[in-house]
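Only one structure is covered here, and it is reproduced in the block below.
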Amino acid sequence: MNKKKSDFLKTAIKAAKAAAKISSKAFNKDLKISYKDQYEIVTNIDKECEERIVKIILSKFPEHNIWGEERDETHKTSLYRWVIDPIDGTVMFSRGIETYGISISLEYKKETIVCVNYFPELKKMYYAEKNKGSYVNGKQIFVSNKKNKVPLILPSSSIVRKPNLAKKFTSNFKKHLITTRDFGSTEFHLSLVAEGKADCCYAYGLKPGDVSAGILLIREAGGKVINDKGKRANSQDKHIIGFSKILKTEDLI
């Protein structure tokens, strides 16, 4: 049964839907694109969506801190921090591919307690609250426990750019039969693991907005999320692995 939503979650959902109206209107249209660095792009829609999300959150919780993909982090005295990636998978969004998403989470003392991952073109909204389970479009979801299937592993695209990471990734699975795919959005990968559609997500070179929401989604769906040292991960980790019940920690690191 879908449990009653907190004001935190209601606000996150409201903000995600508001941002989706902006992104969907611009989807598959001409965009203003600039480069943050050699590999990472940003569009005018990323910034517009983030501004809308921040406005909605601060109107409800003005004392809270905010980390945003396209803005400087605030440092108030509050122990609450909102983490926002207005367009996770900007490359996919810029090319008219539907797997981009809007990711919003709330952390308390560095632990995610509320999250929303909304993929408007796919009409899929994932959300979770600590100790209340994970859901997609109102239906509770769980990680996969089907041990008779070949594991589906979702590695981040950064592996392609970093040979040392690629070598580490392939060596971890050299004794296992696996299938791999990359859909261009780390939060989409993590959401698929939470839903039981995939079994593991390897993510490298991260920022908080890439994983804060997905970490909670997977844990509330019965899975695990660790860093590359095998310890319990949080959004401050640069490398994480989220996985289902059919895999073991020793298989992954």
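The sequence shown maps to residues 787 to 1039 in our numbering. Glycine residues also receive a C-beta, built at the ideal position from the N, C-alpha and C atoms. Everything numeric in this text was worked out from a predicted model, so none of it was measured.
For this session: In angstroms with no decimal places, state the Cα-to-Cα distance between Lys918 and Glu1036.
Result: Here residue 918 is taken as the residue at index 132 of the sequence shown, counted from 1. Here residue 1036 is taken as the residue at index 250 of the sequence shown, counted from 1. Straight across, the Cα-Cα distance linking Lys918 with Glu1036 is about 29 Å.
Exercise. What number of angstroms, rounded off, separates the C-alpha of Asn923 from the C-alpha of Glu981?
Worked result: For this step, residue 923 is matched to residue 137 along the sequence shown. For this step, residue 981 is matched to residue 195 along the sequence shown. Taking the straight line joining both Cα atoms gives about 11 Å.
Problem set entry | Three-state class that DSSP yields for Met787 in the structure shown | Sequence index remark: in the sequence shown, residue 787 carries index 1 (1-based). In this prediction, Met787 has a pLDDT of 48, which is less than 50 and means its spatial position is unreliable; what the coordinates show is noted afterwards. Met787 sits in coil when the DSSP states are folded into three classes, being neither helix nor strand.
For this session: Return the chain-ordered list of same chain residues with a C-beta closer than 7 Å to the C-beta of Ala1019, the five sequence neighbours on each side being excluded.
Result: Taking the first residue of the sequence shown as position 1, residue 1019 is located at position 233. Within the same chain, Ala1019 has close Cβ partners Ile1001, Val1011, Ile1012, Asn1013, Ile1026.
Problem set entry | the stretch 863-879 touching the stretch 842-854, judged by at least three CB pairs closer than 8 Å | Yes, the stretch 863-879 is in contact with the stretch 842-854.
Problem set entry | Residue burial classification, His861 (beta-carbon count within 10 angstroms, cutoff 16) | The residue given as residue 861 occupies position 75 in the sequence shown. Exposed, by the Cβ-count rule.
Exercise. Does the count of Cβ pairs from the stretch 975-991 and the stretch 890-899 closer than 8 Å reach three?
Worked result: Output reads no: the stretch 890-899 does not touch the stretch 975-991.
Exercise. In angstroms, rounded to a whole number, what distance separates the CA positions of Thr829 and Ala805?
Worked result: The residue given as residue 829 occupies position 43 in the sequence shown. The residue given as residue 805 occupies position 19 in the sequence shown. Approximately 14 Å, taken between the alpha carbons.
For this session: Can you check DSSP and say which residues form a bridge with Ala989?
Result: The residue labelled residue 989 in the question sits at position 203 within the sequence shown. Paired residue(s): Ile1026.
For this session: May I ask you to list the residues that DSSP assigns as paired with Ala914?
Result: For the purposes of this step, residue 914 is taken as residue 128 along the sequence shown, with counting starting at 1. According to DSSP, Ala914 bridges with Cys901, Ser920.
Exercise. Given Pro994, which residues of its chain have a CB within under 6 Å of its CB, disregarding the five upstream and five downstream residues?
Worked result: By one-based count along the sequence shown, residue 994 stands at place 208. Close CB contacts of Pro994 within its chain, under the 6 Å cut and outside five residues either way in sequence, are with Trp853, Val869, Ser1021 (chain order).
For this session: Would you mind working out which of Lys1017, Lys935, Gly970, Phe969 sits nearest Asp985, comparing C-alpha positions?
Result: For the purposes of this step, residue 985 is taken as residue 199 along the sequence shown, with counting starting at 1. Out of Lys1017, Lys935, Gly970, Phe969, Lys935 has the C-alpha closest to the C-alpha of Asp985.
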